[in-house]
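Since the structure comes first, as structure tokens, the remarks are kept for the end.
Number of protein chains: 4
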Amino acid sequence: MINIALLGCGRIGQMHAANINAHPRAKLAMVFDSHKPSADNLGKSLGVPVAASADSIFASDNVDAVLIASATETHADFIEQSVAAAKPVLCEKPIDLNLKRVNECAAAIAASPVPVQLGFNRRFDPGHRAARDAMRAGDIGQLHQVVITSRDPEIPPRSYLQSAGGLLRDMTIHDFDLARFMLDDEPTEVFAVAGALIDPALGAELNEIDTAMIILRTADGKQCHINNSRTAVYGYDQRIELLGTTGMVQSNNQKRHELKRYNRKATEISEAYQYFFIERYHEAFMAEVSAFVDCIENGTTPEVSFEDGRRALILAEAAYLSVAEKRMVQVSEIDS
Amino acid sequence: MINIALLGCGRIGQMHAANINAHPRAKLAMVFDSHKPSADNLGKSLGVPVAASADSIFASDNVDAVLIASATETHADFIEQSVAAAKPVLCEKPIDLNLKRVNECAAAIAASPVPVQLGFNRRFDPGHRAARDAMRAGDIGQLHQVVITSRDPEIPPRSYLQSAGGLLRDMTIHDFDLARFMLDDEPTEVFAVAGALIDPALGAELNEIDTAMIILRTADGKQCHINNSRTAVYGYDQRIELLGTTGMVQSNNQKRHELKRYNRKATEISEAYQYFFIERYHEAFMAEVSAFVDCIENGTTPEVSFEDGRRALILAEAAYLSVAEKRMVQVSEIDS
Amino acid sequence: MINIALLGCGRIGQMHAANINAHPRAKLAMVFDSHKPSADNLGKSLGVPVAASADSIFASDNVDAVLIASATETHADFIEQSVAAAKPVLCEKPIDLNLKRVNECAAAIAASPVPVQLGFNRRFDPGHRAARDAMRAGDIGQLHQVVITSRDPEIPPRSYLQSAGGLLRDMTIHDFDLARFMLDDEPTEVFAVAGALIDPALGAELNEIDTAMIILRTADGKQCHINNSRTAVYGYDQRIELLGTTGMVQSNNQKRHELKRYNRKATEISEAYQYFFIERYHEAFMAEVSAFVDCIENGTTPEVSFEDGRRALILAEAAYLSVAEKRMVQVSEIDS
Amino acid sequence: MINIALLGCGRIGQMHAANINAHPRAKLAMVFDSHKPSADNLGKSLGVPVAASADSIFASDNVDAVLIASATETHADFIEQSVAAAKPVLCEKPIDLNLKRVNECAAAIAASPVPVQLGFNRRFDPGHRAARDAMRAGDIGQLHQVVITSRDPEIPPRSYLQSAGGLLRDMTIHDFDLARFMLDDEPTEVFAVAGALIDPALGAELNEIDTAMIILRTADGKQCHINNSRTAVYGYDQRIELLGTTGMVQSNNQKRHELKRYNRKATEISEAYQYFFIERYHEAFMAEVSAFVDCIENGTTPEVSFEDGRRALILAEAAYLSVAEKRMVQVSEIDS
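Protein chains in written order, with my numbering: chain U, 5 to 340; chain V, 5 to 340; chain L, 5 to 340; chain Y, 5 to 340.
Below, the structure is given as structure tokens:
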């Protein structure tokens, strides 16, 4: 039984807490949040001790591993502390909004064998994974194009946006990671356009965007398109398409059930898609924790590494530069 | 070039006229209708001679073959005359509403080698045919169950219903034929329930029904379900499903195009299905004429025979008897 | 917190045990199985006491309610004992294979207010329920036809079949219940055909069938078709279709994810359907337990009653009589 | 009845000839091809006079209008001659591979009221048109993103590629036009990446590409993605997706029929898509001719103008410049 402590008791932390407890070989050992009432509520509802400080978690013998779901600016520090305390880490994305800080953190933990897993949950989605497995098994021949549609159901509140780091670092970062996962290769060039189309005031107020299109290219020419929007009013829109020389695979949207309605005007009317990531990626989040537990138990390297988190951020930075300069940006310009 | 004369210039006759002219090796040679203005209109619009009588068509050297799309009560006479005149016949279903008359007609033409093709157009539908081909090719192993859904978009006008012979003889007759086609075997038992659910007055006024469920069984136990209704407000509903030991095939409904709409309430909202048989079975009607032309050119036996028309009517009679007596009826009780 | 004891620790019992524990307001209190090692294994793995006898469960103050998942022949006795002990019951279907015993049990518990819920889990399936909700909300106008497709992935082992009571009492009983649920009315007439088509030896050895088609009718003429088979090699096939005057709704099959593959030969190639009821109806089984807990907490009457279990069995008996006599059977002939 | 002469009797010319003759108010009046045997064959098979020269067509009183389906390098000359002869023109795309020549042609015909319609047939596809109609009707609110998937089933022969002008001018030109049609606005910026991924030798031998991704942007920020490939082995892949503030519409791929197969490994296995443009856009080509006839009869302006052909070529030129310089190209750089 792996005893896992939770840092950060907000919405995502609460979800992880439930998933840890649902795992047959993991147990929530302790919780902490800098906002004490949040930790108290969660601890009480689950019957789990509330840590007085993050430090006490890293020091505790009752804690085998740490799941970081706290505010982004604390991630790198907590990773460093956890690694120093020899406690395996599963950290929510992004590592940090500042690439320099990420690189420092990378240096700080470079020598340690302690497993650090990044929270790119979508890699664990059964449908997305089946698409990649099919590709790697040769079902579509040689891969040429990847198309990722990733649209949120609505614009988050401004309070969230103010500290989220911008659409490309906060939302698209998942798609940058999926692009690398699906391409099974490293993008070397990035082009992006972006705008505040849904809520033009976002641009003026927060220098934020809500709609983007991106093209990535690998050294051997494979092409990847990502399209992002905050207006999928029909439900969280998460699709992946892989085209190769002998076929195509798609991982398509999922519904709660397969009710279809027919009337005078239309046929095959289906449910709205699952609302958002908590619902849509429920199985993926469960599998992510399970993979983390497996790594700890088996002493293996996490499937999603700190470096994966760093590289996704580099692509986000490259994309921002491309938006600003209206040109293809070499990834090497950012990652120098 | 096969010169085909048309008997009956109503809606279905007009459709056949256009299909004949669209065929590369057939030509509409002459038209006749007992309602002269109908024949005149069609003849004029297509630049085709109007026959003064049906007899003059059978006597004409310019007529190689005859398509009968006139009123049902004329079918058997016209078939007999056409066969006597050595002119191949494509006759719309049903042969006659009276099985005795059908049997007389069968006797009258029995000795003749002149091809008589029955107008069970659905057998020529590319989707339905592909389903049967898959079954015969062994794609589903041994066939066990057939499910036929056949629903009209709305109740026809009373003027039509008064002389149509009843739902089971007029509408279901197509499904009885499809059942035989898909079972690739002869049903020996029939059970049916029926009612006037959509328009209860139909029952009182015309002794007519609008909703039915039927079960057929073959000697070796294969089961077939037909369900009929006159209320597919979402468009003509024409589905076939074949279940076997190693799989299933379905021939599903078709739409004019694949537009899908997504909004706050629903996803994958599709077009209403094609309205009715003229639209849905357009390709089937074309292929039916083409098969007729092939028979004449090659001296082969029509794929859909007079006997097919007779057997479908026998199943209809068995179904009516089942409705009346609330029991499984042996086909041999009718066909004695 | 409702403490629930489990009678019967086989495969279905184990599933219920997990579901009870996953419920936020229920707890597995005790387990019993006449085959002691089964109870010991389950008790040990879940850390739950094993009862020495069924009686000790009914006598225990630590047990608020009972879930019966033991062998069918014990159901009626356990229901009577549980009701006598004032412990609410959730009992797996069927109540008993013998209608006389069911009627005795009904009489025995008739005067008691203790809730007895029958385990017709499919009523709680989100898709099926959404179909019925749409129908009751008037989305399809007046209901005319119900079509239930219910096919198991393969024939169960003979050891199971020997005591299961026959396809119509064991498998179709779920569909009879769904028919009543979807018709929102009582069938008054039953017709059925059945055969051992997949495994003809089944008929000779066990007088068992593997393939059936059934038609039910209500007093006001609504029609319902059920088709059953044990050969859905493509996965558990569970579909419901409701046709009304202004539209249709379907509850269709579900897949684990929406991967679609495309190659030279085919497009839109999808996953096999979920294998069987444990997977397909996972949510339904969870919701069933939840409804049971709600009844106990709120003192309300279960949505699925003992009488629902009795009426489904009556329909099964009527269907067997119809198979034997090849005629429509009045439900009143059985339920006299 | 509009008498239409055909210039160019190759594969596309033959298709147009059949479509003209199938139109109720048009007739093929004369055919010409610089390769005389082609013209002779077509003329003979359709019973239509073969013109001795293109000039004789422009001079003929029996010719009301001209359809140009000859080699690309003849298009501009024939357009000028036809307009000079006051004969309405329907010209296959592209106008010319050289923008300068296109601009000269534009100047030459600028003052004339004679209708010139460009052969962007896809605008007339019922599904694509329904998508645009839905967008213009406000069904998706304000449009933000357009995604066009356009993939050919296989690489054309080198003989074709040598004179086709390059993928972006020959194949993508349809998508550039569709982008303008769907955006209902003018793109002002173009970015493109391209490569010879399927057949790398294409690059070395012909400086040709087979795989491309493009992003277009309008002045007010609307984004459009086009993805092209010559390897849709599963059939001609033609999809359009429009995302707006209140919904999405898609025009999806079409199959010949809706056969679905189910077996141990997979479900919902569908037909390969229609092979190529002749099959997939049959209805669109018919509607294109019909629109041309309407313009002539009613004296209205063609829906797809010479300027539409010119603007699509400008986008192709901008895309080539973007590929070369790896930057966003302003359309105004090309169209100066």
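A virtual CB, placed ideally from N, CA and C, is assigned to each residue, including glycine.
### Task
My understanding is that residue 284/Y touches residue 242/Y, with C-beta atoms under 8 Å, so please give their C-beta distance in whole angstroms.
6 Å
### Message
So, under 8 Å CB-CB, residue 216/Y and residue 237/Y are touching, yes? Tell me the CB distance rounded to an integer number of Å.
### Response
Wrong, their Cβ atoms sit about 18 Å apart, outside the cutoff.
### Query
Taking buried to mean at least 16 other C-beta atoms within 10 Å of its own C-beta, is residue 193/U buried or exposed?
buried
#### Entry: Contacts around residue 291/V, its chain only, beta-carbon distance under 6 Å, and the 5 residues preceding and following it disregarded
128
### Query
For residue 74/L, which residues of its own chain have a beta-carbon under 6 Å away from its beta-carbon, when the five flanking residues on both sides are left out?
11 and 12
### Query
Using CA coordinates, which residue listed in 174/V, 225/V, 90/V and 249/V is at the minimum distance from residue 212/V?
174/V
#### Entry: Interface residues of chain V facing residue 252/L [CB-CB closer than 7 Å]
238
### Candidates 72/U, 25/U and 76/U: closest to residue 51/U by CA position
25/U
#### Entry: chain U contacts from the segment 261-273 of chain V (Cβ-Cβ distance under 8 Å)
265, 266, 267, 268, 269, 270, 271, 272 and 273
### Task
Look at the alpha carbon of residue 269/Y and the alpha carbon of residue 275/L, and state the distance between them as a whole number of angstroms.
7 Å
### Query
Does the segment 221-228 of chain U come close enough to the segment 176-196 of chain U to have 3 or more Cβ pairs within less than 8 Å?
yes
### Task
Kindly list the residues whose CB is nearer than 6 Å to the CB of residue 256/U, restricted to its own chain and excluding five residues on each side of it in sequence; keep chain order.
243
### Query
Taking the beta strand (DSSP E) that residue 104/Y falls in, what are its first and last residues?
Counting along the chain, residue 104/Y falls outside any beta strand (DSSP E), though it belongs to the alpha helix (DSSP H) covering 103-113.
### Query
Comparing the CB of residue 294/V with every heavy atom of the ligand HEM, is any distance shorter than 7 Å?
The ligand HEM is not among the ligands present in this structure, which contains no ligands whatsoever.
### Query
Looking only at its own chain, which residues have a Cβ that is under 8 Å from the Cβ of residue 279/V, when we skip the five neighbours before and after it?
157, 239 and 240
### Query
Would the beta-carbon of residue 205/U fall within 8 Å of that of residue 214/U?
no
### Task
Out of 48/Y, 46/Y and 40/Y, point me to the one whose CA is closest to residue 56/Y's CA.
40/Y
### Query
Rounded C-beta distance between residue 121/Y and residue 151/Y? I'm assuming under 8 Å.
With a Cβ gap of about 27 Å, residue 121/Y and residue 151/Y do not count as contacting.
### Query
Between residue 264/Y and residue 272/Y, is the Cβ-Cβ spacing less than 8 Å?
yes
### Task
Find out if the Cβ-Cβ distance for the pair residue 131/L, residue 251/L is shorter than 8 Å.
no
### Beta-carbon proximity check, residue 79/U vs residue 100/U, cutoff 8 Å
yes
### Message
Please tell me whether residue 295/V and residue 307/V are closer than 8 Å, where the distance is taken between their beta carbons.
### Response
yes
### Query
Using Cβ-Cβ distances below 8 Å, what residues of the segment 116-141 of chain U are close to chain L?
129, 130, 131, 134, 135 and 138
### Task
Tell me whether the beta-carbon of residue 229/U lies closer than 8 Å to the beta-carbon of residue 7/Y.
no
### Task
Mind reading off the beta-carbon distance from residue 169/V to residue 98/V? Whole number of angstroms is fine, and I expect it under 8 Å.
7 Å
#### Entry: C-beta atoms of residue 210/Y and residue 139/Y nearer than 8 Å
no
### Query
Is the CB of residue 258/U under 8 Å away from at least one CB in chain L?
yes
### Message
Tell me the rounded alpha-carbon separation between residue 43/U and residue 163/U.
### Response
21 Å
#### Entry: Neighbour list for residue 275/V in chain U, Cβ cutoff strictly below 8 Å
270 and 271
### Query
Per DSSP, residue 231/Y is paired with what?
153/Y and 217/Y
### Query
Residues of chain Y with CB under 9 Å from residue 255/V, in chain order?
261, 262, 263 and 264
### Task
Might you give, ordered along the chain, the residues of its own chain that have their beta carbon closer than 7 Å to the beta carbon of residue 314/U, omitting 5 neighbours on each side?
99, 106 and 110
### Task
Give a yes or no on whether 8 Å exceeds the smallest Cβ distance from residue 143/U to chain L.
yes
### Message
Determine, for residue 336/V, whether the minimum Cβ-Cβ distance to residues of chain L falls below 8 Å.
### Response
no
### Query
Counting contacts by CB-CB distance shorter than 8 Å, is residue 247/U in contact with chain Y?
yes
### Query
Helix, strand or coil for residue 264/L per DSSP?
strand
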